[in-house]
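Last residue of the sequence shown: 495 (numbering that gives the first Met the number 0), numbering continuous. Here a beta-carbon is modelled for each residue, glycine too, at the ideal position from N, C-alpha and C.
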Amino acid sequence: MVRYMSFRFKRGQFLVLAALTVTIMILTSTTLLAYISVSRMNLPKTDFRKTVTQITLNSRRALATALAQVSKELNLRASLNDYSQYNRLEDYPEAKDEGFKFISNWLNDTYMKNAGLGLNLTLSGTDFECEWNTYRGYSRVYSNLSLDIRAYGFYGWNERIEVSLNLTILGLKESTQNSTSFYFSLQRENGVPVTGLTVSSVRLLYNRTGRGFTEVDIDELTLRYIGNGTYLLRFYSPDMSTPPKVKLIIQDARGILVGSFPQNGTILSLIDDSTGPVVTELTAEPNPIYEGNSTTLRAVIDDSNTGWSTIVAAEYFVGSIGENGTGIPLSPLDGLFDSPVETVYAEVNVTGWSLGNYTIYVHGRDAAGYWGNFSSLVLVISDTQNMHVKSIDMSGEVDWWFIFKRTRATAVVTVVDQNGSPVEGAKVYGSWSGMASGSVEGFTDENGQVVFTTDWSYWDWWFVDHTYTFTVTNIELEGWNYTPEENEETSDSITL
0 MVRYMSFRFK RGQFLVLAAL TVTIMILTST TLLAYISVSR MNLPKTDFRK
50 TVTQITLNSR RALATALAQV SKELNLRASL NDYSQYNRLE DYPEAKDEGF
100 KFISNWLNDT YMKNAGLGLN LTLSGTDFEC EWNTYRGYSR VYSNLSLDIR
150 AYGFYGWNER IEVSLNLTIL GLKESTQNST SFYFSLQREN GVPVTGLTVS
200 SVRLLYNRTG RGFTEVDIDE LTLRYIGNGT YLLRFYSPDM STPPKVKLII
250 QDARGILVGS FPQNGTILSL IDDSTGPVVT ELTAEPNPIY EGNSTTLRAV
300 IDDSNTGWST IVAAEYFVGS IGENGTGIPL SPLDGLFDSP VETVYAEVNV
350 TGWSLGNYTI YVHGRDAAGY WGNFSSLVLV ISDTQNMHVK SIDMSGEVDW
400 WFIFKRTRAT AVVTVVDQNG SPVEGAKVYG SWSGMASGSV EGFTDENGQV
450 VFTTDWSYWD WWFVDHTYTF TVTNIELEGW NYTPEENEET SDSITL
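Structure follows, in structure tokens:
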């Protein structure tokens, strides 16, 4: 009997202790929950395109730096031999080693700096070329870029990259007893003109009668930019040989060197001008133009490949071509006609013009008296202006309570006209899908933007993705025409 009561007593103690323990745990949990605050997290949309663009740009810069290393090695070897040899990379292939070494180090650094992205980045088929033994010298590197970013689920980006610097000695302007001047052109890859060159980036040797090639002191060089990557180089040249011969080495802002120095030098020849200048880069902004407004007509008049004479005039005709010299004049953008390449412009006021299309014809004249051929464009005068969606920027917010969340999304729509200027007062219609649904509408502000924000979603488990999609369905504004085919973005999504 005693044992039985003892057993019941002990069991009672155990139950009391268990109940007390549970009570303490509940009180502790309640206390902890009381101190849990609801936090809000803003989650901007991850734009993997920026990362891809940045890595691609950095790859191009790395290849440019590698080419600079290679060209410097070749130039050093050539200078030690008075520029009489080593004017081709094939003459000194060991110079490539510095370039490959730099690329390898850059790849390692890129992997280290982006360790969390799961990069798979390669530069394959890389090769360097330097040909400096003609009047057209070039330095070049090309490579195949392959990129995967596993953290973004981005795979299969491939791009052919080429970096180059191209030098062309164009021709002699004049050569007197003590002074010589000639034109040369300097361009990057894809024909991009190199601007901002100074005499500190130029090394020049000329053939001095009875003395061979002599380097010109930097203080005896003057350099003038003509335009479109073309320069006029003048230097002190006593006892210049006949015909005049030079050896030229140039370094651009990237550090890449390029040369033109055949063993016997490049002969400078006078250019015979018998052709008028050409017209390039003809534009009218804005175009189309709203009735009663003005547009700026602009063009480049270029004689650099048709005689190297100074541009002295430019004119335009509307609708039909008249006699040379009877058109409406265009003015030089820099205020003076003094170069073989000139940018010209005119303000065209279309007040009183009927609605429709007008053909504008432009040409120019050089100092040799030759008018060039016409270039034309069509100017559209309309009673309506066009607008489209430039961008839809998505962002989101997350509210947390313990292991549960609720979300909402925001879409910022930007509307611009055909010239990229913001459109104010446009009524934007859109719709939400995904975690939110329904149609919305709003008016753009002075920045051409309207903001749409969803209601908060229901509470959900922390691991459940919430995807919101916003789509622009229409835009209205009196006197304006919505052109959805010109939209840079019509729909966008974000996952929270």
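Buried/exposed call for residue i, threshold 16 Cβ in 10 Å
| i | result |
| --- | --- |
| arginine 48 | exposed |
| valine 37 | Because valine 37 carries a pLDDT of 46, less than 50, the predicted location of this residue cannot be relied on, and the following value inherits that uncertainty. Exposed, by the Cβ-count rule. |
| arginine 223 | exposed |
| tyrosine 230 | buried |
| glutamate 72 | buried |
| glycine 226 | buried |
| methionine 434 | buried |
| leucine 31 | Confidence at leucine 31 is low in this model, with a pLDDT of 48, below 50, so its placement is unreliable and no value can be given for it. |
| aspartate 365 | buried |
| serine 83 | exposed |
| leucine 476 | buried |
| isoleucine 23 | exposed |
| tryptophan 455 | exposed |
| proline 339 | buried |
| asparagine 292 | exposed |
| aspartate 251 | buried |
| phenylalanine 401 | exposed |
| phenylalanine 403 | exposed |
Beta-carbon proximity list for residue i, same chain, < 8 Å, skipping 5 on both sides
| i | result |
| --- | --- |
| glycine 115 | Ala150 |
| threonine 198 | What sits at residue 198 in the sequence shown is valine, not threonine. Ile217, Leu220, Thr221 and Leu222, listed in sequence order. |
| isoleucine 288 | Thr294, Val349, Leu378, Val379, Ile380 and Ser381 |
| glutamate 440 | Lys426, Val427, Tyr428 and Gly429 |
Rounded separation between residue i and residue j - CA only
| i | j | result |
| --- | --- | --- |
| glycine 190 | valine 162 | 11 Å |
| phenylalanine 101 | arginine 187 | 21 Å |
| arginine 135 | alanine 313 | 31 Å |
| asparagine 74 | isoleucine 310 | 37 Å |
| alanine 77 | valine 215 | 17 Å |
| glutamate 130 | serine 200 | 19 Å |
| glycine 351 | glycine 318 | 15 Å |
| arginine 87 | lysine 95 | 12 Å |
| leucine 203 | glycine 447 | 54 Å |
| glycine 478 | glutamate 423 | 13 Å |
| tyrosine 154 | isoleucine 248 | 42 Å |
| threonine 179 | lysine 172 | 8 Å |
| asparagine 104 | tyrosine 110 | 10 Å |
| glycine 306 | phenylalanine 373 | 17 Å |
| asparagine 304 | tyrosine 360 | 21 Å |
Nearest-angstrom beta carbon gap, residue j and residue i [assumed within contact, 8 Å]
| i | j | result |
| --- | --- | --- |
| glycine 98 | glutamine 53 | Their Cβ separation, rounded to whole angstroms, is 22 Å, which puts glycine 98 and glutamine 53 out of contact at 8 Å. |
| tyrosine 457 | serine 492 | Tyrosine 457 to serine 492, Cβ: 19 Å. No contact. |
| threonine 452 | arginine 407 | 6 Å |
Other residues of its chain near residue i: CB distance less than 6 Å, five sequence neighbours each side excluded
| i | result |
| --- | --- |
| asparagine 480 | Thr383 and Asn385 |
| asparagine 206 | Phe212, Ser240, Lys244 and Gly264 |
| asparagine 356 | Val377 and Val379 |
Close Cβ partners of residue i (< 7 Å) along its chain, the five nearest in sequence each way excluded
| i | result |
| --- | --- |
| glutamate 488 | Val388, Ser390 and Ile391 |
| isoleucine 300 | Pro276, Val278, Ile310, Ala313, Glu341, Val343 and Gly363 |
| valine 449 | Val412, Val427, Gly441, Phe442 and Thr443 |
Validate contact between the stretch 459-466 and the stretch 419-428 using beta carbons, cut 8 Å, 3 pairs: no
The stretch 254-274 contacting the stretch 322-329, beta-carbon criterion three pairs below 8 Å: no
For the stretch 153-171 against the stretch 253-262, do three or more pairs of beta-carbon atoms, one drawn from each stretch, fall closer than 8 Å, so that the two count as touching? yes
Check whether the stretch 54-62 touches the stretch 142-160, taking contact to mean three or more Cβ pairs, one atom from each stretch, closer than 8 Å. yes
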